[in-house]
Amino acid sequence: MAVSDADVLHVAALARLAIPAARVPALVRELNGILDHMAVLETVDVSTVGGDVRTPMPRRDDTVAPIRLNRPLAEFAPAPRDGFLLVPRLSTHSQLGASEGDE
Amino acid sequence: MSPENTVDVTAGFEMVVGLEVHVQLKTRSKAFCGCSTDFGAPPNRNTCPVCLALPGALPVLNAAAVELALRVGLGLGFTINRASIFARKNYFYPDLPKGYQISQHDRPIAEHGSLDIGLTVNGAPRVVGVTRAHMEEDAGKSIHDRYEGATAVDLNRSGVPLVEIVSEPDMRSPEEAGAYLRTLKQILLYLDVSDCNMEEGSLRVDANVSARPFGQTTLGTKCEVKNMNSFSGVEKALAAEFRRQCGVLVAGGTVQQQTLLWDGHKNEIRPARSKEGSSDYRYFPEPDLPPLVITEAELARVSATLPELPAARRVRYAAMKLSEYDVQELTADPATGPYFESVLQLHADPKSVANWVNGEVRANLNESGATWSAVSLAPARLASLLDLVRDGVVGSSAAKKIFAHLHASDHSPREIAEREGLIQVRDDDALAGWVDAVLAENPAEAARYAAGEKKLQGLLVGLVMKKSQGRADPKLVNQLLSSRASG
Amino acid sequence: MSAQATLDMSAAATAAAIAAGNVAAPDVAAAALSRAIGDAGLNAYVTLASEADVRDAAAAAPAGLLSGVPVAVKDNISTTSLSTSCGSRILAGWVSPYEATAVSRLRAAGAVIIGKTNMDEFAMGSSTENSAFGPTLNPLDHSRVPGGSSGGSAAAVAAGHCRIAFGSETGGSVRQPAAFCGIVGVKPTYGRVSRLGLVAFASSLDHIGVFGRTVDDAALGLKVIAGHDALDATSVDTPVDDYCAENGRPLAGLVVGVPTEYFPLTLDERIRAKCHRAIGLLRDLGAEVRSVSLPHTDLAIPVYYILAPAEASSNLARFDGVRYGPRAASDDLRGMYERTRSEGFGPEVTRRIILGTYVLSQGHYDAYYRKAMLVREKITEDFAAVFSSGVHVLFTPTTPTPAFPFGSKSDPMEMYLSDIFTATANLAGVPAMSQPIGLVDGLPIGGQFLAAHFREADMFRAAYALEKSLGSEALS
């Protein structure tokens, strides 16, 4: 399954990377070169691989004990305001609306 | 009104609904870090390197979140996976600090449940399949309307533990969806895993709804509806979205898969703002978290702590010969039952205890805004008041007066009754004195009554009660008057 | 004793001299810093501490295994005093508001951090050419790379600025530069050293590792940072062995496996010869040498270059300009994300994010990611089979070539293949270390020991003995 220009642009969009058009052909070539080396995996028989759990997950007690910051968020955030973190609005958020999270 | 508007576009179509319910778990700290989950802190106050996704930060799972998720799974009769896997759900959004949400994908903690939603269809109980319950973390909050041209992000909620309960597309009407949600919420409240407060967002519902012609077995294209902030809002939103989809189909169009938002103020549905076109979440196992292993011993321990659930409690109360109404009222929330039963232990008449708990006690709580668990009226005091009524020491209207005094007083119901002069007078001499006085003061009625006009008895009892200032035992007064008539 | 003289003493001896009052810790720190400053041309550091700061830190150093010992720390391990930029523009100048567990343990043991060392951006690379702050030179040959991604730490130790430095490994980023710079590099078992505060590249493969001028320096460095950390869910709660106690233990009874797959026909004959000399010495020392097979070895690079970029594409999503780091100006959120990230990440990081996003995306996940995870299990099973057959350690070459010249590997795949002998240990999580076993063309060659999970002591036992037996031949 060879990678196309469209694949690279689609994946770059998912990853929020702006790829200059001039860079796309080289990336396509490099990715195909790399993925050619991965083709060998298709031939490996993995039918016997078991799903053993080696180390089960540790759990922490439900106590309020955050790792402390040695300086407040507002000192290192790019755009702090009134305790909030400001970001440019989504272009699709053209009109003011009710607040709502995405997920 | 034009004819088009009167035609029911939904005629001939069946609604198909599946629900995703996000439940915030009641833990002190977040799912993967030690930050407080307190609601209402100043923005970004409850944050740390982990929930801010600072470089190098790592998640560590909260044991209480697992415990509560197991309660949900066991309480809803799910199969619990002995090893479940956390996965990363990758997407960009300003209130998602890591650029991925830690969730569960291929192997959630609980699968294969079902829920009897308390309705019957063709005589059979309506049971909705519940696909899975998985653990995940909440995102922060994005506030779009506070600053011009900017979105304000508050990450206090980022990382709060959630369980997402996903149903099968088994519901066929808004009423069924409402019944599913009310049944589910009731069980979750009994399990004591969440506040289940839709307005505060501790319970959130997304609905997947599609329409298809009756008889068709394949599913139509579904749309997701979000942003409902009450169960009745869910019902209205489903009806509106169903109508919209039927309208599209009737006009010969095809339904486009999309996400819609319910506007509860305008009672209308509108397309959601774009999620920037990304629906490829690139799930993969979370490498920072090994598999979550649940041992038999842990399952047994959590099972042993599960409370009685509403269905079992209803069966038990129905066996006490209580009315359907009383059973529903007594089991509506988790706390009424224990109160009812602690009174019942001291006053073994279920019907009279139920009457009082569902009547005076509940009315008093509604008025004071108190909760069952904080009831100022100790079960022993209510029981002894009911004893007084049963034993004829006080009448029922006197009992209500005494009840009103119980809250502001440390005295026993009997002491209050005595202090307020509410003890029924059963002394024959006193009663005879009042009866004689009434008959003397009303010679005409007395004569007619003596002549056999029995219907005057009620009037005469009333006059005696009035004369006694309500203290006479009405039963004895009746007996006395009857004996005078025949004597 | 002059402070300068301590730079040529082992870390343990330096700590002892300071503890005995023979030399003052602040002077030792200042001497180390001064040598680092004198070697500024190597570009081994992204940030150096000030003399006043290292003197203060040394004066206040608590008593411990490394009390007063100068160390260097890779620029992707979070420190609250110096920057943690990961060799990237997107974190340029970032000073972490919390500290890595390994750094806390170092400070508790009395170590004095003289600087944060240069690296390939986000540890993606094998040459330190991918740093946003320019390449680091190999102290032994300035025309050649020091290896990577922990090239700065390797150069700092090789150039004698300090005896111990800390790096990180995802596919060989400590062992390969150790081999290229003629020093010792150790990657412990996955879960042995806390990753809290190590800026993630590929979480299931990332390890903090240690460079030492000698086996003993490396053993001491690892001993200090090893141990369970409740703040890392992949940290394992198992006792830490005294690696330094392996010094001088005879090799009688030790079984050394030599895996045929690490000695392919195409292996440089001079490297093969140095390895065979080392194997001969191990046998002379009483070890039993067996030929063994790890049949899935050649699949390590394909598996690694699927899994590592996949995890990286997700781990690097947090660099979005919202909460920290530079933010590119834009009126629109989407534009802000894309400009911030495209301006912040260099070409190799961009390439790997694209690759990693691709192998996780709809329609490709099963063929690439899922398959690679399963083959990774096969590689792990290879090691389990060998180590359960009575073999204590494996011996292999660390790299297929000595240090290569700058700019000589322009094709990404060619660069990736330099991890061919090292990536297996990251995939299986087993401990591994490299030590110098001779020169080829005047450049050092590394020999690698691998051991079973949490059996670092076995590996150190063999390494101590081989180092002693080789003596000056290790660098000749």
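Order-wise, the sequence lines are chains E, H and Y. Numbering follows the working numbering, with no gaps: position 8 of the first sequence is 10. Numbering follows the working numbering, with no gaps: position 349 of the second sequence is 616. Numbering follows the working numbering, with no gaps: position 200 of the third sequence is 181. Glycine is no exception: its CB is placed at the ideal position from the N, C-alpha and C atoms. These numbers were taken from a predicted model, which means no experiment stands behind them.
Selection from the options that minimises the alpha carbon distance to residue i
i: Y/Pro51; options: Y/Ser175, Y/Val237, Y/Asp(-11); result: Y/Asp(-11)
i: H/Leu458; options: H/Ala571, H/Leu505, H/Thr526, H/Arg439; result: H/Ala571
i: Y/Ile206; options: Y/Glu242, Y/Lys255, Y/Gly148, Y/Pro158; result: Y/Gly148
i: H/Tyr592; options: H/Val560, H/Asn625, H/Gly604, H/Pro577; result: H/Asn625
i: H/Pro646; options: H/Val610, H/Ser663, H/Val628, H/Gly662; result: H/Val610
i: H/Cys300; options: H/Thr314, H/Val274, H/Leu726, H/Ala711; result: H/Thr314
i: H/Pro554; options: H/Asn311, H/Leu319, H/Asp462, H/Lys356; result: H/Lys356
i: H/Ile432; options: H/Thr598, H/Pro375, H/Val327; result: H/Pro375
i: E/Leu87; options: H/Glu281, H/Asn631, H/Ile410; result: H/Ile410
i: Y/Leu118; options: Y/Ile360, Y/Phe387, Y/Gly452, Y/Arg436; result: Y/Phe387
i: Y/Ser185; options: Y/Ala409, Y/Tyr445, Y/Ala310, Y/Ala(-2); result: Y/Ala409
i: Y/Ser457; options: Y/Lys449, Y/Val54, Y/Gly423, Y/Arg442; result: Y/Gly423
Host alpha helix (DSSP H) of residue i (start-end)
i: H/Leu286; result: Premise fails: H/Leu286 lies in the beta strand (DSSP E), 280 to 291, not in any alpha helix (DSSP H).
i: Y/His434; result: Note, Y/His434: premise wrong, no alpha helix (DSSP H); not H, not E.
i: H/Gln368; result: Segment 367 to 371 is the beta strand (DSSP E) holding H/Gln368; no alpha helix (DSSP H) there.
i: H/Asp696; result: 695 to 708
i: H/Asp421; result: Where H/Asp421 is concerned, there is no enclosing alpha helix (DSSP H), although the beta strand (DSSP E) it sits in stretches over 417 to 421.
i: H/Ser570; result: 563 to 571
i: Y/Ile206; result: 196 to 206
i: Y/Ser457; result: Run containing Y/Ser457: none; DSSP gives neither H nor E here.
Terminal residues of the beta strand (DSSP E) in which residue i lies
i: Y/Leu341; result: Note, Y/Leu341: premise wrong, no beta strand (DSSP E); alpha helix (DSSP H) at 328 to 341.
i: H/Asn475; result: 470 to 480
i: H/Val492; result: 490 to 493
i: Y/Thr361; result: First-last for Y/Thr361: 352 to 368, but that is the alpha helix (DSSP H), not the beta strand (DSSP E).
i: H/Ile410; result: 408 to 414
i: Y/Gly91; result: Premise fails: Y/Gly91 is in no beta strand (DSSP E) and is neither H nor E.
i: Y/Ser15; result: No beta strand (DSSP E) holds Y/Ser15; the alpha helix (DSSP H) holding it covers 6 to 19.
i: H/Pro428; result: 428 to 434
i: Y/Tyr26; result: 26 to 29
Short Cβ contact (8 Å threshold) for residue i with residue j
i: H/Leu653; j: H/Ser619; result: yes
i: Y/Gly337; j: Y/Pro290; result: yes
i: Y/Ser175; j: Y/Leu212; result: yes
i: Y/Val273; j: Y/Val374; result: no
i: Y/Asp400; j: Y/Gly152; result: yes
i: Y/Gly96; j: Y/Ala159; result: no
i: H/Val395; j: H/Ser434; result: yes
i: Y/Val180; j: Y/Lys168; result: no
i: H/Leu632; j: H/Trp639; result: yes
i: E/Leu43; j: Y/Leu280; result: yes
i: H/Ala298; j: H/Asn348; result: no
i: H/Pro552; j: E/Pro58; result: no
i: Y/Tyr224; j: Y/Ala438; result: yes
Cβ-heavy atom distance, residue i to the ligand GTP, below 7 Å
i: Y/Gly178; result: Although the ligand GTP was asked about, the structure shown includes no ligands whatsoever.
**Message:** Closer than 8 Å is the cut-off here; do at least three beta carbon pairs connect the segment 163 to 172 of chain Y with the segment 51 to 71 of chain Y?
**Reply:** The answer is no - the segment 51 to 71 of chain Y does not touch the segment 163 to 172 of chain Y, with fewer than three Cβ pairs under 8 Å.
**Item:** alpha helix (DSSP H) runs wholly inside the segment 619 to 686 of chain H, at least 4 long, in chain order
**Value:** Segments of the alpha helix (DSSP H) lying fully in the segment 619 to 686 of chain H: 629 to 635, 646 to 657, 663 to 673, 680 to 686.
**Request:** Would you list, in sequence order, the uninterrupted alpha helix (DSSP H) runs of no fewer than 4 residues that lie entirely inside the segment 3 to 35 of chain E?
**Result:** For the segment 3 to 35 of chain E, whole alpha helix (DSSP H) runs of length 4 or above, ordered along the chain, are 7 to 16.
**Asked** What residue ranges within the segment 259 to 328 of chain Y form continuous beta strand (DSSP E) runs of no fewer than 3 residues, ordered along the chain?
**Response** Whole beta strand (DSSP E) segments, 3+ residues: 269 to 273.
**Asked** Which whole runs of the beta strand (DSSP E) in the segment 138 to 192 of chain Y are 3 residues long or more, in chain order?
**Response** Within the segment 138 to 192 of chain Y, complete beta strand (DSSP E) segments of at least 3 residues are found at 145 to 150, 165 to 168, given in chain order.
**Request:** Specify whether the segment 339 to 355 of chain H and the segment 562 to 571 of chain H touch according to this definition: at least 3 beta carbon pairs, one from each stretch, less than 8 Å apart.
**Result:** Short answer: they touch.
**Prompt:** Is it a yes or a no for the segment 69 to 76 of chain Y touching the segment 315 to 333 of chain Y, going by three-plus beta-carbon pairs under 8 Å?
**Reply:** Output reads yes: the segment 315 to 333 of chain Y touches the segment 69 to 76 of chain Y.
**Message:** Check whether the segment 173 to 193 of chain Y and the segment 135 to 149 of chain Y touch, using three or more Cβ-Cβ pairs below 8 Å as the test.
**Reply:** Touching, per the Cβ criterion.
**Item:** Any 3 or more C-beta pairs closer than 8 Å across the segment 508 to 516 of chain H and the segment 475 to 483 of chain H
**Value:** At 8 Å Cβ cutoff, the stretches touch.
**Message:** For the structure I just gave you, are there three or more beta carbon pairs, one from the segment 65 to 80 of chain E and one from the segment 223 to 233 of chain Y, closer than 8 Å?
**Reply:** Counting C-beta pairs with one atom in each stretch, the segment 65 to 80 of chain E and the segment 223 to 233 of chain Y have fewer than three that are closer than 8 Å, which means they do not touch.
**Item:** Length at least 4, wholly inside the segment 329 to 363 of chain H: the alpha helix (DSSP H) runs in chain order
**Value:** Entirely contained in the segment 329 to 363 of chain H, the alpha helix (DSSP H) runs reaching 4 residues are, in chain order, 330 to 342.
**Message:** Tell me whether the segment 78 to 87 of chain Y and the segment 114 to 130 of chain Y touch, counting them as touching only if at least three CB pairs, one residue from each stretch, are closer than 8 Å.
**Reply:** Flag = no, the segment 78 to 87 of chain Y and the segment 114 to 130 of chain Y do not touch.
**Three-pair Cβ contact test at 8 Å for the segment 229 to 248 of chain Y versus the segment 262 to 272 of chain Y** = Of all C-beta pairs linking the segment 229 to 248 of chain Y to the segment 262 to 272 of chain Y, three or more are shorter than 8 Å, placing the two stretches in contact.
**Request:** For the segment 378 to 442 of chain Y, list the alpha helix (DSSP H) runs that are entirely contained and at least 4 residues long, ordered along the chain.
**Result:** Along the length of the segment 378 to 442 of chain Y, whole alpha helix (DSSP H) runs at least 4 residues long occupy 393 to 397, 404 to 409, reported in chain order.
**Prompt:** How do the segment 370 to 384 of chain Y and the segment 309 to 320 of chain Y stand: do at least 3 beta-carbon pairs fall below 8 Å, yes or no?
**Reply:** The answer is no - the segment 309 to 320 of chain Y does not touch the segment 370 to 384 of chain Y, with fewer than three Cβ pairs under 8 Å.
**Prompt:** Do the segment 379 to 399 of chain H and the segment 413 to 430 of chain H touch if we need at least three Cβ pairs shorter than 8 Å?
**Reply:** Here the segment 379 to 399 of chain H does not lie against the segment 413 to 430 of chain H, with fewer than 3 beta-carbon pairs under 8 Å apart.
**Message:** Does the structure place the segment 669 to 683 of chain H close enough to the segment 697 to 708 of chain H that three or more beta carbon pairs sit under 8 Å?
**Reply:** The way I'd put it, the segment 697 to 708 of chain H doesn't touch the segment 669 to 683 of chain H; fewer than three beta-carbon pairs between them come closer than 8 Å.
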